[in-house]
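K.L.:
As you go down the protein sequences, you meet chains A and B in turn.
So the number in our numbering is just where the residue sits in the first sequence, counting from 1, plus 443.
So the number in our numbering is just where the residue sits in the second sequence, counting from 1, plus 57.
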Amino acid sequence: MGTTARILQPCLLCHLTPAQVQRLPLEDAQRFGKIGDWFDVSIGPSESTVHQLVLEGDCSGLDFVGHSMSAGTLLVVGDVGRGAAWQMSGGQMQVSGNVGSHAATSMTGGALRIDGSAGDFLAGPAPGQRVGLATGSIRIAGGAGDFLGRRMRSGLIAVGGSVGQYPGIDMVAGTIAVGGALPETAGWGMKRGTLFCGSPPEKLAGGFSHPRLETPAVWPLLRWWLRQRAAPGSLLDLILQTQGFPLYRSLGDRATWGMGEIIWPATELSSVFPA
Amino acid sequence: MNVKGVPLDSTFAEAFDMQATRLIITAMDQYWADQAANAFVGFGTSVIACGVEMGVEQVLTPEQTPDGRPGVAVLAFAVSGKELEKQIPRRAGQCILTCPTTALFAGITGKKPIPLGKTLRFFGDGYQISKRIAGRRYWRIPVMDGEFLCEEQTYRVPGIGGGNLLLLGSHVKSVSRACRAAVAAIAPLPSVITPFPGGATRSGSKVGSKYDSLFASTNQAYCPTLRGVAASVLDDHVNAVLEIVIDGLTAEAISSAMRAAIVAACTEVNPGELVAISAGNYGGKLGRHHFHLHQVMQ
Numbered sequence: 444m445g446t447t448a449r450i451l452q453p454c455l456l457c458h459l460t461p462a463q464v465q466r467l468p469l470e471d472a473q474r475f476g477k478i479g480d481w482f483d484v485s486i487g488p489s490e491s492t493v494h495q496l497v498l499e500g501d502c503s504g505l506d507f508v509g510h511s512m513s514a515g516t517l518l519v520v521g522d523v524g525r526g527a528a529w530q531m532s533g534g535q536m537q538v539s540g541n542v543g544s545h546a547a548t549s550m551t552g553g554a555l556r557i558d559g560s561a562g563d564f565l566a567g568p569a570p571g572q573r574v575g576l577a578t579g580s581i582r583i584a585g586g587a588g589d590f591l592g593r594r595m596r597s598g599l600i601a602v603g604g605s606v607g608q609y610p611g612i613d614m615v616a617g618t619i620a621v622g623g624a625l626p627e628t629a630g631w632g633m634k635r636g637t638l639f640c641g642s643p644p645e646k647l648a649g650g651f652s653h654p655r656l657e658t659p660a661v662w663p664l665l666r667w668w669l670r671q672r673a674a675p676g677s678l679l680d681l682i683l684q685t686q687g688f689p690l691y692r693s694l695g696d697r698a699t700w701g702m703g704e705i706i707w708p709a710t711e712l713s714s715v716f717p718a
Numbered sequence: 058m059n060v061k062g063v064p065l066d067s068t069f070a071e072a073f074d075m076q077a078t079r080l081i082i083t084a085m086d087q088y089w090a091d092q093a094a095n096a097f098v099g100f101g102t103s104v105i106a107c108g109v110e111m112g113v114e115q116v117l118t119p120e121q122t123p124d125g126r127p128g129v130a131v132l133a134f135a136v137s138g139k140e141l142e143k144q145i146p147r148r149a150g151q152c153i154l155t156c157p158t159t160a161l162f163a164g165i166t167g168k169k170p171i172p173l174g175k176t177l178r179f180f181g182d183g184y185q186i187s188k189r190i191a192g193r194r195y196w197r198i199p200v201m202d203g204e205f206l207c208e209e210q211t212y213r214v215p216g217i218g219g220g221n222l223l224l225l226g227s228h229v230k231s232v233s234r235a236c237r238a239a240v241a242a243i244a245p246l247p248s249v250i251t252p253f254p255g256g257a258t259r260s261g262s263k264v265g266s267k268y269d270s271l272f273a274s275t276n277q278a279y280c281p282t283l284r285g286v287a288a289s290v291l292d293d294h295v296n297a298v299l300e301i302v303i304d305g306l307t308a309e310a311i312s313s314a315m316r317a318a319i320v321a322a323c324t325e326v327n328p329g330e331l332v333a334i335s336a337g338n339y340g341g342k343l344g345r346h347h348f349h350l351h352q353v354m355q
C-alpha cells in the first residue's frame, strides 16, 4: 500500500510558499510525515496563469495523486501509484510513466494523459457508486488493465495499445477506443456507448449481434475526434490515420437489452502497423 | 445618384429585428444535400404566412462540413425565437430526416438553443443512440438507409429581416434580367439569403388591408395596372416592378448584398430598360434598421 497523497493538487498548493508546502502533512501524518519528508519544494518560472504542479521522481508509492482535482495542471514526471485523478472534475493531469490501478475513478471532467500504461479498473466507479467516468477524456499511450471503463457514462478513453479483460463492462454510454484487439469479455452488459478496436475482437460475447459491414454515419466525426485524442505514434493513432476503411459493427449486449456497439476496421490494419 | 446610368432613388429600405439560425445539411453527394435543402427552405418565403423566411446561404465543400461530405448551409429567420423553435424541428423532421443519406448539424453557436435531434430522436422509437463528441451531442436515429445523424440542437442569434430593393423597369423582361443578375450577385455572399422564389417577389405588400382578416395586402402604389385608379408612385415609363428581399445576420452583410445587387442589376441591362432602383419602407416607424440606398453605395 502506498502513501495517500490527496493533497497533491495544483490549486491547493499554488498559493503557498515552498516552506508552507513542505510543512503540510500527508494523509497519515504519523506514518508518512510531511510533504517535505518526501519532496524538495521549489517555485518554477511562472509563464502561465494556470496553476501548475510538477512532481518529479518515482511517485509509484504515492496513491490518490490529483484526487478531486478541479483545475490547473498536474505533471508527474515518472510513475504514479493507485487512484490517480480519483474523482477528478477539471484541469489536466499528465503522467509521463505508468499509473497504478483505479485511476480516474468516478472522474467527472478534465483530461488525464498517461504516457505509459494504466493498471486495472481505470475510469470505473468509486465503491458504492453506480457511475464510472462521467465526463472528460483519458489518453493512454500504452495499454490498460482489466475492467477498463466499467460503468462509464460519458467521455472518451483512448488506449494506444491493448487492454485486459472486461473492457467496457456495464458501460452506460461514452466511447472507448483501443489500438489492439478486444477480448471476448468486451462490452459485457453494456447498455449504450461505443467500443472501437483497431483489430477484430477475438470473439464476441453471446449477447452481441452478428457483425455487419456498415460504417455508422457518425464515424467521420468520431474518427476526427479520436485522432485528436489518441496518443501520437500509438497503434490507435496509426490506424485512425488510415483513410476510408470500412467498418464492422456489432450491437449489444442484448443480454441486458443494451444498444451499445463494438466497431472495428474490416481490413486487418494492425498487421500493417506492428505494435 | 446614378449607377451606370440608372437613377437610385433617395430613399431607404426599412428592416426589422428577427431571430436567425444557420443549419448545415450534408449528404452522400451534392444531389441529396440540395434536395434536402430545397425541401427544407420551401414555403419559407415570408413570415407573413410561412412563419419563417429561409434560404440556401452557401453550398459547402466536403472540407467545410462537419462530417466531410458535400453539404449546404441554410439560414432561417423568424419574428421570434419561439416561432423559430416551432418551425425548424418540424421542417427538419419532414424534409431532412426523410431525405436519403442526409445528416443535420448546427451551423452557428449562441446561447439560446433550438432543438433538432433533441426533438427528432423520438422517431427512433427507443432505438436511437446519442453520442457526445468534442462537447457536442449528436443523435443517431435508425432509418432505412442506415442512420440519420442529427446534432442535438442549433442556436439562434439576432438577425435582420426585410432589407430590400425595388427594381423599376420599362418591361418585365428587362426587370427580370436585372433581378436575376442581382440575385446571382448576392448568392455567393455569406450571412445573407434572398428567401423568395428565385430571390425575387412581384407581390410587394403594404401593411394592412381593407379586409380585417389580412394584415398585409398588395402595395397598389407600385402596381402599374392601377395607375389612374389608385395613388401611384410609378411614372409613365415604368411597367414592371420586382422586389428583392434580403435577410441577413448583420447590417453589414445586408448592406454588402444590396450594393452587389445594385451594381449587378445596373450592369446587366441597357440604360433605359431599368428606369430606377428604389426601396420599400414604412416611413421609418416600424423597423429600426434603415438602409439608405445612397449610403449603401458609398
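Every residue, glycine too, gets a C-beta built ideally from N, C-alpha and C.
What residue range is occupied by the uninterrupted beta strand (DSSP E) comprising B/D124?
P.N.:
Run containing B/D124: none; DSSP gives neither H nor E here.
K.L.:
Taking the alpha carbon of B/Q151 as the reference point, which residue from B/F100, B/E325, B/H294 and B/R126 has its own alpha carbon closest?
P.N.:
The residue with the shortest Cα to Cα distance from B/Q151 is B/F100.
K.L.:
Quick one: any contact between the region 170-186 of chain B and the region 100-117 of chain B, if contact means 3 or more CB pairs under 8 Å?
P.N.:
No, they do not touch.
K.L.:
With 9 Å set as the bound, which would you pick, yes or no: does the beta-carbon of A/S532 sit closer than that to a beta-carbon of chain B?
P.N.:
Output row for A/S532: interface = no.
K.L.:
Pair every Cβ in the region 597-613 of chain A with every Cβ in the region 570-589 of chain A, then say whether three or more of these pairs are closer than 8 Å.
P.N.:
Yes, since at least three Cβ pairs between the region 597-613 of chain A and the region 570-589 of chain A fall closer than 8 Å, the two stretches touch.
K.L.:
Quick check: is the beta carbon of B/I153 nearer than 9 Å to any beta carbon in chain A?
P.N.:
Cβ-Cβ to chain A under 9 Å: no for B/I153.
K.L.:
Please state whether DSSP places A/I706 in a helix, a strand or coil.
P.N.:
In this structure, A/I706 counts as strand in the three-state DSSP scheme.
K.L.:
Using the C-alpha atoms, what's the distance from B/I190 back to A/W667?
P.N.:
For A/W667 and B/I190, the distance between alpha carbons rounds to 9 Å.
K.L.:
Closer than 9 Å, Cβ to any Cβ of chain B: which residues of the region 679-712 of chain A, in chain order?
P.N.:
Flagged, chain order: M702, G703 and E704.
K.L.:
Is DSSP giving B/A318 helix, strand or coil here?
P.N.:
Helix.
K.L.:
Nearest to B/A149 by CA position, among B/A72, B/G138 and B/K175, is which residue?
P.N.:
It is B/K175 whose Cα lies nearest to the Cα of B/A149.
K.L.:
Can you tell which of A/L565, A/G617 and A/G571 has the C-alpha that lies nearest to the C-alpha of A/G607?
P.N.:
The candidate whose alpha carbon is nearest that of A/G607 is A/L565.
K.L.:
B/I186 versus chain A: which residues are under 7 Å apart at the beta carbon?
P.N.:
Those within 7 Å of B/I186 in chain A are R635 and M702.
K.L.:
Would you kindly report the start and end of the unbroken alpha helix (DSSP H) that includes B/N95?
P.N.:
Q87 to V98 is the extent of the alpha helix (DSSP H) around B/N95.
K.L.:
List, in order along the chain, the chain A residues whose C-beta lies closer than 7 Å to that of B/L206?
P.N.:
By Cβ distance, chain A contributes A660 and V661.
K.L.:
Determine which residues share a DSSP beta bridge with A/M536 and list them.
P.N.:
Paired residue(s): A/L517 and A/L555.
K.L.:
Classify A/Q572 as buried or exposed, calling it buried when 16 or more other Cβ atoms lie within 10 Å of its own Cβ.
P.N.:
That one is exposed.
K.L.:
Are the CB atoms of A/R635 and B/S187 nearer to each other than 9 Å?
P.N.:
For A/R635 and B/S187, yes; Cβs fall inside 9 Å.
K.L.:
Pair every Cβ in the region 490-509 of chain A with every Cβ in the region 521-529 of chain A, then say whether three or more of these pairs are closer than 8 Å.
P.N.:
Touching, per the Cβ criterion.
K.L.:
Does the separation of the CB atoms of A/H510 and A/A577 fall below 9 Å?
P.N.:
It is not a contact, given that the beta carbons lie outside the stated cut-off.
K.L.:
For B/P172, which residues does DSSP report across the bridge?
P.N.:
Answer is B/Q210, bridged to B/P172.
K.L.:
Which value, in whole angstroms, describes the spacing of the CA atoms of B/V367 and B/A135?
P.N.:
Only positions 58 to 355 of chain B appear in this structure, which leaves residue 367 of chain B out of reach.
K.L.:
Since B/H1 is in the alpha helix (DSSP H), which residue starts that stretch and which ends it?
P.N.:
Since the displayed chain B opens at 58 and closes at 355, residue 1 of chain B lies outside it and no answer follows.
K.L.:
Hey, quick one: how far does the alpha helix (DSSP H) through B/L146 stretch, first residue to last?
P.N.:
What sits at residue 146 of chain B in the sequence shown is Pro, not Leu. Note, B/P146: alpha helix (DSSP H), G138 to R148.
K.L.:
So, is the C-beta of A/W481 closer than 9 Å to a C-beta in chain B?
P.N.:
Answer no: the Cβ-Cβ gap between A/W481 and chain B never drops below 9 Å.
K.L.:
Specify whether the region 680-695 of chain A and the region 639-658 of chain A touch according to this definition: at least 3 beta carbon pairs, one from each stretch, less than 8 Å apart.
P.N.:
Short answer: they touch.
K.L.:
Considering only residues of the same chain and omitting the five flanking positions on each side of A/F651, which have a CB-CB separation below 8 Å?
P.N.:
Only G630, S693, L694, G695, D696, R697 and I705 meet the Cβ criterion.
K.L.:
If you measure between the beta carbons of A/R593 and A/G617, is that distance less than 9 Å?
P.N.:
Contact: no.
K.L.:
Look at B/L223 and B/S335 and say whether their C-beta atoms are less than 9 Å apart.
P.N.:
Against a cut-off of 9 Å, the Cβ pair of B/S335 and B/L223 comes out as a contact.
K.L.:
Under 9 Å between beta-carbons, which chain A residues line up against B/R213? List them in chain order, please.
P.N.:
Those within 9 Å of B/R213 in chain A number zero; the least Cβ separation is about 23 Å.
K.L.:
Just curious, the beta strand (DSSP E) that A/I581 is in, first and last residue?
P.N.:
Unbroken beta strand (DSSP E) run through A/I581: S580 to I583.
K.L.:
Do the CB positions of B/R147 and B/A90 come within less than 9 Å of each other?
P.N.:
Not closer than 9 Å, so no.
K.L.:
Could you tell me which whole beta strand (DSSP E) segments of length 3 or greater appear in the region 175-230 of chain B?
P.N.:
Counting only runs of 3 or more, we get 186-190, 193-200, 203-208 and 210-226.
K.L.:
So that I know if they touch, is there some Cβ in chain A lying closer than 9 Å to that of B/Y88?
P.N.:
No - not a single Cβ of chain A is within 9 Å of the one on B/Y88.
K.L.:
Looking only at its own chain, which residues have a Cβ that is under 6 Å from the Cβ of B/F180, when we skip the five neighbours before and after it?
P.N.:
Closer than 6 Å at Cβ, skipping near neighbours: I198.
K.L.:
Return the chain-ordered list of same chain residues with a C-beta closer than 6 Å to the C-beta of A/G747, the five sequence neighbours on each side being excluded.
P.N.:
Chain A is shown from 444 up to 718; residue 747 of chain A falls before or after that span and cannot be answered.
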